[in-house]
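Remember, our numbering sits 28 above the position in the sequence shown when you count from 1.
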Amino acid sequence: MCHPARSAVTGGSHSGHPPPRGTTMDTATARRQELLLLRRYCDTGDFRARDTVIEGAMPLVHTVAARYANRGVDHEELVQVGAVGLVKAVDRFDPDRGLAFSSFAVPNIAGEIRRWFRDHSHALRLPRDVQEHADELRSHAEALTTAHGRRPTLAELTQASGLPAAVVLEVQAATHEVRVTSLDAAVTQDADAVARVDTIGDVDHGYEVAEVRTLARTGLAALRDRERLIVRLRYEDGLTQSEIAQRVGISQMHVSRLLRRAIEDMRETLDADAG
């Protein structure tokens, strides 16, 4: 972990800093310069180097914030929240661990935005028609789950409610952050189907793997034995959730829940260590 952060990010142009992502400079060269600046900040507390890294990494914040669009929150507000996560990532980053800074920063940025939504979910007001559809879909989802012993698919929810699939997905997106968990309609019907509500606003799978591997450096030991095994099977051995379910002897849905809980527990461990 680096030196304590300042309360604000300063602007300005400093010599020797990497260009913003997406410029013509070779990516490997930019990453080397970024790593040198991070090492300088960690070793000497050079806040000019810190600010330069933050300025150069802001496109990452915009990219992650864009994944949370259509939530009724202004993009620039989410960028401000995500920037807090970026600053924390710079201050937590250890250049000696061999992890690319972007792979470390993205989970921190996304985590800060998720926490903001969680903390402010009580203040988010859904339009009346969306709330009515959400209540209706929740009722159908609960009935279908009871009948089939699993989460309903998108097709099943669409048929039961009589709503177009697009409307179902829009309602799921709108209600995701207020934890309407019974709307976890699967996009596909195979055993490893990913719930649409779990994918909206998430970083892609490559970032997810990088995040879990980063979290595991400090948080894996704190997990229960079965959760630790499931995390390793999923993110080290690359097994699917259904394969893990067969290996461990539990349902695929239970595997999904255990993975989510394990990742949240590891995030809390990382936050506690950083605090």
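For every residue, glycine included, the Cβ atom is placed at its ideal position computed from N, Cα and C.
Select from the options the residue whose C-alpha is nearest the C-alpha of residue i.
i      : options                        : result
LEU63  : GLY110, ARG76, ASP122          : ASP122
ILE291 : LEU257, GLU104, ASP79          : LEU257
PHE145 : ARG156, PRO87, ALA117, GLU105  : GLU105
VAL158 : HIS90, GLN200, VAL115          : GLN200
GLY100 : HIS148, THR91, MET281          : HIS148
ARG288 : ARG262, GLY266, ASP163, ILE137 : ARG262
ASP71  : ARG60, ARG59, ASP124           : ASP124
VAL115 : ARG142, VAL134, ILE82, SER167  : ILE82
ALA162 : LEU65, LEU191, ARG95           : LEU191
ARG95  : THR57, LEU65, ALA138           : ALA138
Spatial neighbours of residue i within its chain, please: C-beta separation below 6 Å, excluding the five flanking residues on both sides.
i      : result
ALA97  : none
ARG207 : Low local confidence applies: a pLDDT of 38 at ARG207 is under 50, so the model's placement there is unreliable, and no value is given.
GLU255 : LEU286, ALA290
LEU65  : ALA77, THR80, VAL81
ASP226 : Confidence in ASP226 is poor, its pLDDT being 38 and thus under 50, which makes the residue's placement too unreliable to answer from.
GLY234 : For GLY234, the predicted structure reports a pLDDT of 45, less than 50, and the residue's modelled location is therefore unreliable. The matter cannot be settled from this model.
ASP265 : none
Can you list, in chain order, the residues of its chain with a C-beta nearer than 7 Å to that of residue i? Leave out the 5 residues immediately preceding and following it.
i      : result
ARG68  : ASP74, ALA77
GLY247 : ASP293, MET294, THR297, LEU298
SER279 : ALA273
SER284 : GLN269
LEU165 : LEU185, SER189, VAL196, VAL199, LEU211
SER130 : LEU88
VAL107 : VAL89, HIS90, ALA93
ARG142 : none
HIS168 : LEU185, ALA188, SER189
Taking residue i and residue j to be in contact with their CB atoms under 8 Å, please state how far apart those CB atoms are, rounded to whole angstroms.
i      : j      : result
GLY110 : ALA85  : Contact flag wrong, Cβ pair sits at about 10 Å.
LEU172 : GLU184 : 6 Å
ARG60  : ALA128 : Going by Cβ atoms, the distance from ARG60 to ALA128 rounds to 11 Å, so no, they are not a contact pair.
VAL259 : LEU251 : 7 Å
Is residue i buried or exposed, if buried means 16 or more other CB atoms sit within 10 Å of its CB?
i      : result
ASP218 : Unreliable placement is indicated for ASP218, whose pLDDT of 39 sits below 50; the coordinate value is still reported in the next sentence. Answer is exposed; the Cβ neighbour count stays below 16.
THR55  : exposed
GLU140 : buried
GLY113 : buried
THR174 : exposed
ARG179 : buried
ASP253 : exposed
ALA249 : exposed
HIS176 : exposed
HIS103 : exposed
Residues in the same chain with beta-carbon distance under 8 Å from residue i, minus the five sequence neighbours each way, listed in chain order, please.
i      : result
MET281 : ARG178, ARG179
ASN136 : GLY113, LEU114, LYS116, ALA117, ARG120
ARG275 : LEU261, LEU267
ASP232 : Residue placement at ASP232 is flagged as unreliable, the pLDDT there being 41, under the threshold of 50; a coordinate-derived value is accordingly withheld.
Runs of 4 residues minimum, wholly inside the segment 53 to 91: which ones carry the alpha helix (DSSP H) assignment? 55 to 72
Could you name each continuous alpha helix (DSSP H) segment of 4 residues or more that falls completely within the segment 153 to 179, going from the start of the chain to the end? The qualifying runs are 156 to 176.
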